[in-house]
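Step one of this worksheet: look at the structure below.
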Amino acid sequence: MTARRPLVGILAGDGIDGAVFHGDGAYFKSLQYEVQKAGELCCVMTLSSFHESGVSGFVYSRRHQQWAKVELPLPRVIYNRLPDRAAEETTGYRLFMARMKAERIPVFNPFFFNKWDVYCLLKQKLTSSLPLTYKITAFDDILTFMNNYPSAYLKPVDSSHGQGIFRIRKDSSGYKLTSADGSDSCYKDLKSACHPFLTGYLIQEEAHSDTVLGRKYDLRALVHLSRGEYEITGIGVRASGGPSHPTTHVKYGGTLLPFESVSEKADLNHLQAILSTAGNELSRSFGLIGEFSADIGLTEKGPVIYELNSKPMSFDEAAIQKKRLDQLLALFFELSKGTAFQSPRIPLR
6 MTARRPLVGI
16 LAGDGIDGAV
26 FHGDGAYFKS
36 LQYEVQKAGE
46 LCCVMTLSSF
56 HESGVSGFVY
66 SRRHQQWAKV
76 ELPLPRVIYN
86 RLPDRAAEET
96 TGYRLFMARM
106 KAERIPVFNP
116 FFFNKWDVYC
126 LLKQKLTSSL
136 PLTYKITAFD
146 DILTFMNNYP
156 SAYLKPVDSS
166 HGQGIFRIRK
176 DSSGYKLTSA
186 DGSDSCYKDL
196 KSACHPFLTG
206 YLIQEEAHSD
216 TVLGRKYDLR
226 ALVHLSRGEY
236 EITGIGVRAS
246 GGPSHPTTHV
256 KYGGTLLPFE
266 SVSEKADLNH
276 LQAILSTAGN
286 ELSRSFGLIG
296 EFSADIGLTE
306 KGPVIYELNS
316 KPMSFDEAAI
326 QKKRLDQLLA
336 LFFELSKGTA
346 FQSPRIPLR
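All letters in the sequence shown, in the order written, are residues 6 to 354 by the working numbering.
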């Protein structure tokens, strides 16, 4: 008897240290459960899971409280949740994508976003909603920028969730470099401060965004593709750990705030419009983008998009995370019913 074809396969990393796969197991379990409640199959798979006749996937057994290995046909949709960029740069991933294209199986969110690629793409239509940003190619790029702006952010081109971010500010004695956790390093000259950032980094203007009790906050918007349109699924709020902290990420001391505490300052129609435009531009250039998150600051001139992420983490807000599962389930069904495969374009470099 032939096994039923899964509705969706969640693509995770190959297991390490005895684990059957590398990824957010709790999130995968909850997503698999929602798919099963709808009468369909969902399995987790890795790049090494695929073989000529199908896939060796993993299904969570609630009865036995463990992941079970199962042999299944190829799924109808692939949800890319590879946990790191390195896996997407391998020959194995390129061969996987080529096979999925040949099989006409949609793979959504084909790769992690590169910050510079995204900025170059979005500035064509959303310049007023982006902070001024340059890719650093030499020290003179930083020098010119800091001659015009008193403070800026230094961000790795290929990173997410606040990793590697620094803020640099002029002060009376030189320059102060602040890391994501709020610790400061002081330098008398700019060249000494910026030596580590001459390759693989962007310099971005520090937006004068709104604050709560003296702390900057970001809107963390979750967006999904629904019936051909990009719609906001939910918005969380993250406040920085203190006045000196450059980021709002919880792992660096940030805290959650209810959206209601800042909702009167946010124009939801405007946010929906710019994020819809962003989603359309991403999908037009990068392939099929089924979901993304956006970090947004609110300024006197309007919302400013700091960053977009193609692999959003689980939201701590239960209502948003539940709606996310609902939106993904609807998208899986939508894509399985004949949405044409969109091959990822070569990112703008």
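Just so it is clear, CB atoms sit at the ideal spot from N, CA and C, and this is done for glycine as well.
{"Asked": "Where in the stretch 77–120 do unbroken runs of the alpha helix (DSSP H), each at least 4 residues long, occur, reported from the N-terminal end onward?", "Found": "90–93, 96–108"}
{"Asked": "Note the first and the last residue of the continuous alpha helix (DSSP H) segment covering Gly284.", "Found": "273–291"}
{"Asked": "Go through its chain and collect everything with a Cβ distance to Thr253's Cβ below 7 Å, but skip five positions before and after it.", "Found": "Lys221, Tyr222, Asp223, Arg243, Ala244, Ser245, Gly259"}
{"Asked": "When the Cα atoms are used, what is the spatial distance from Asn285 to Arg67?", "Found": "38 Å"}
{"Asked": "Is Ala72 near Val25, with beta carbons less than 7 Å apart?", "Found": "Before going on, a small fix: residue 72 reads as Trp here, not Ala. Their beta carbons are under 7 Å apart, which means Trp72 touches Val25 by this criterion."}
{"Asked": "Taking Glu234 as the reference, which of Thr282, Met102, Ser35 has the closest Cα?", "Found": "Thr282"}
{"Asked": "List the endpoints of the continuous alpha helix (DSSP H) containing Ser341.", "Found": "323–341"}
{"Asked": "Any chance you could list the beta strand (DSSP E) runs of at least 3 consecutive residues sitting entirely within the stretch 147–208, in chain order?", "Found": "156–161, 171–176, 179–184, 189–192"}
{"Asked": "Alpha helix (DSSP H) containing Leu36: first to last residue?", "Found": "30–42"}
{"Asked": "In this structure, does DSSP put Phe320 in helix, strand or coil?", "Found": "coil"}
{"Asked": "Quick check on Asp172: buried or exposed, where buried means 16 or more other Cβ atoms within 10 Å of its Cβ?", "Found": "Inspection of the sequence shows that residue 172 is occupied by Arg rather than by Asp. Counting Cβ neighbours within 10 Å, Arg172 comes out buried, since at least 16 surround it."}
{"Asked": "If I'm right that Tyr32 touches Ser319 with Cβ under 8 Å, what's the distance once you round it to whole angstroms?", "Found": "5 Å"}
{"Asked": "Looking at Ala226: is its Cβ nearer than 7 Å to the Cβ of Ile208?", "Found": "no"}
{"Asked": "Start and end of the beta strand (DSSP E) containing Pro248?", "Found": "No beta strand (DSSP E) contains Pro248, which DSSP labels as neither H nor E."}
{"Asked": "Taking Ser178 as the reference, which of Gly169, Tyr192, Pro308 has the closest Cα?", "Found": "Tyr192"}
{"Asked": "From which residue to which residue does the beta strand (DSSP E) around Phe63 run?", "Found": "59–66"}
{"Asked": "According to the Cβ coordinates, are Arg81 and Ser341 closer than 7 Å?", "Found": "yes"}
{"Asked": "Can you tell me which residues form a DSSP beta bridge with Leu262?", "Found": "Val242"}
{"Asked": "Is Ile279 near Leu131, with beta carbons less than 7 Å apart?", "Found": "yes"}
{"Asked": "May I ask which residues mark the beginning and end of the beta strand (DSSP E) holding Pro308?", "Found": "307–314"}
{"Asked": "Can you give the Cα-Cα distance for Leu303 and Glu210, rounded to whole angstroms?", "Found": "14 Å"}
{"Asked": "Quick one, which of Tyr206, Ser58, Ala43 has its alpha-carbon nearest Asp122's?", "Found": "Tyr206"}
{"Asked": "Using three-state DSSP, classify Gln129 as helix, strand or coil.", "Found": "helix"}
{"Asked": "DSSP on Val75, reduced to helix/strand/coil?", "Found": "strand"}
{"Asked": "Using the C-alpha atoms, what's the distance from Pro111 back to Asp19?", "Found": "21 Å"}
{"Asked": "Hey, how far is the Cα of Ala17 from the Cα of Thr51?", "Found": "5 Å"}
{"Asked": "Mind checking whether the beta-carbon of Ser53 lies closer than 6 Å to any heavy atom of the ligand MG?", "Found": "This structure lacks the ligand MG, and indeed carries no ligand of any kind."}
{"Asked": "Straight-line CA distance for Phe55 to Ser61?", "Found": "6 Å"}
{"Asked": "Relative to the C-alpha of Pro115, which candidate in Tyr84, Ile310, Ser156 has its C-alpha closest?", "Found": "Tyr84"}
{"Asked": "Rounded to whole angstroms, what's the CA-CA distance from Phe346 to Gln37? Just pull it up for me.", "Found": "Residue confidence is low: Phe346 scores 42 on pLDDT, short of 50, so the model does not pin down where it sits. No coordinate-derived value is stated."}
{"Asked": "From this set, Ser315, Glu305, Ser188, Asp272, which residue's C-alpha is nearest Pro248's C-alpha?", "Found": "Ser188"}
{"Asked": "What did DSSP end up calling Leu303 once you bin it into helix, strand or coil?", "Found": "strand"}
{"Asked": "Considering only residues of the same chain and omitting the five flanking positions on each side of Gly14, which have a CB-CB separation below 6 Å?", "Found": "Cys48, Met50, Pro80, Ile83"}
{"Asked": "For Ala8, report the span of its beta strand (DSSP E) as first-last.", "Found": "From DSSP, Ala8 is part of no beta strand (DSSP E); its letter is neither H nor E."}
{"Asked": "Return the chain-ordered list of same chain residues with a C-beta closer than 8 Å to the C-beta of Pro308, the five sequence neighbours on each side being excluded.", "Found": "Ser134, Leu224, Ala271, Asp272, His275, Leu276, Ile279, Ile301, Gly302"}
{"Asked": "Quick one: residues in its chain with C-beta nearer than 8 Å to the C-beta of Val255, no 5 flanking neighbours on either side, listed in chain order?", "Found": "Arg243, Leu261, Asp321"}
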